[in-house]
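Participant: Counted from 1, the sequence shown has number 35 at position 35 by my numbering; the numbering is strictly sequential. For every residue, glycine included, the Cβ atom is placed at its ideal position computed from N, Cα and C.
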Amino acid sequence: MPDEQGLIEKAIKGDKEAFASLVRQYQNRIFGFIMRMTANRETALDLTQDTFLAAYQNLSGFRQEASFSTWLYQIAANKTRNFIKRSKREVSLPVGYDQASEDDRPDTGLEKKEQEALLVEAISGLPHKQRLTFNLRYFEQMKFKEIAGVMGVSVSATKTNFAEALAKLKKRLG
Numbered sequence: 001m002p003d004e005q006g007l008i009e010k011a012i013k014g015d016k017e018a019f020a021s022l023v024r025q026y027q028n029r030i031f032g033f034i035m036r037m038t039a040n041r042e043t044a045l046d047l048t049q050d051t052f053l054a055a056y057q058n059l060s061g062f063r064q065e066a067s068f069s070t071w072l073y074q075i076a077a078n079k080t081r082n083f084i085k086r087s088k089r090e091v092s093l094p095v096g097y098d099q100a101s102e103d104d105r106p107d108t109g110l111e112k113k114e115q116e117a118l119l120v121e122a123i124s125g126l127p128h129k130q131r132l133t134f135n136l137r138y139f140e141q142m143k144f145k146e147i148a149g150v151m152g153v154s155v156s157a158t159k160t161n162f163a164e165a166l167a168k169l170k171k172r173l174g
């Protein structure tokens with residue numbers, strides 16, 4: 001299988017299978033990110049599709065100054081932000097919400113569910129920029145420089161957003 005750079009170059013030249021390979025490589029991560037931001041599976045599926053459609057349509061404009069994943073997350077973040085502005089709702093979900101786990105058994109304790117609900121409520125109460133920064137750093141494990149690229153802000157602003165998000169979450173969660 002060609003490396004990512006090779007796939008990008010082929011996709012720019014119109015190779016649809018190369019772009020399909022890039023989609024397969026990133027679709028779960030992009031979907032999970034959008035799912036945590038919107039808390040709606042159908043919306044996340046639609047926005048994921050919109051993200052990859054926009055990426056395909058604008059692939060020739062990809063300058064390759066940032067990584068392909070950073071560029072995709074930037075598109076996804078913009079699509080999600082626009083959706084949230086239109087719908088006037090902002091909700092986040094805990095990591096793994098979009099994936100089944102062994103903990104999803106009926107015998108899972110009520111206490112764990114209550115803790116997850118508190119976490120969801122605390123994250124959803126963050127201002128959009130702080131929630132976006134928190135999700136990209138904590139759940140997507142991006143570096144501050146990558147987050148800054150996605151959000152179009154400085155690295156110091158990204159660090160400040162993350163620190164403020166953590167402080168608010170600690171205060172809300174005790």
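I'd like to know if the stretch 64-79 and the stretch 141-157 are in contact, where contact means that at least 3 CB-CB pairs between them fall below 8 Å.
Facilitator: Look at the beta carbons and you see the stretch 64-79 touching the stretch 141-157: at least three pairs across the two are nearer than 8 Å.
Participant: Leaving out five residues before and five after E4 in sequence, what residues of the same chain have Cβ atoms less than 7 Å from its Cβ?
Facilitator: Along the sequence shown, read from residue 1 onward, the residue named residue 4 stands at position 4. So the qualifying residues of the chain are F68.
Participant: Compute the beta-carbon to beta-carbon distance between Q74 and G14, rounded to the nearest angstrom, for a pair I have assumed lies under 8 Å.
Facilitator: On the sequence shown, position 74 is the one that residue 74 refers to. On the sequence shown, position 14 is the one that residue 14 refers to. Actually they do not touch by this definition, with Cβ atoms about 23 Å apart.
Participant: Would you identify the three-state DSSP class for R24, choosing helix, strand or coil?
Facilitator: Along the sequence shown, one-based indexing puts residue 24 at 24. The answer is helix: DSSP assigns R24 an H, G or I state.
Participant: Might you give, ordered along the chain, the residues of its own chain that have their beta carbon closer than 7 Å to the beta carbon of L176, omitting 5 neighbours on each side?
Facilitator: Examination of residue 176 is not possible in this model, given that the chain is present from 1 through 174 alone.
Participant: Do the stretch 154-168 and the stretch 117-135 touch if we need at least three Cβ pairs shorter than 8 Å?
Facilitator: Contact holds: three or more Cβ-Cβ distances are below 8 Å.
Participant: Assign L136 to one of two classes, buried (16 or more other C-beta atoms within 10 Å of its C-beta) or exposed (fewer than that).
Facilitator: For the purposes of this step, residue 136 is taken as the residue at position 136 of the sequence shown. Answer is buried; the Cβ neighbour count reaches 16.
Participant: Quick test of your reading: A76 and L53, contact by CB under 8 Å. State the CB separation rounded to the nearest angstrom.
Facilitator: As a position in the sequence shown, residue 76 is number 76, starting the count at 1. As a position in the sequence shown, residue 53 is number 53, starting the count at 1. Actually they are not in contact, since the Cβ atoms of A76 and L53 sit about 12 Å apart, beyond 8 Å.
Participant: Tell me where the alpha helix (DSSP H) around Q74 begins and ends.
Facilitator: Mapped onto the sequence shown, residue 74 falls at position 74. First-last of the alpha helix (DSSP H) with Q74: F68 to S87.
Participant: I'd like the span of the alpha helix (DSSP H) that includes V153, first residue to last.
Facilitator: For the purposes of this step, residue 153 is taken as residue 153 along the sequence shown, with counting starting at 1. Element bounds for V153: n/a, residue is neither H nor E.
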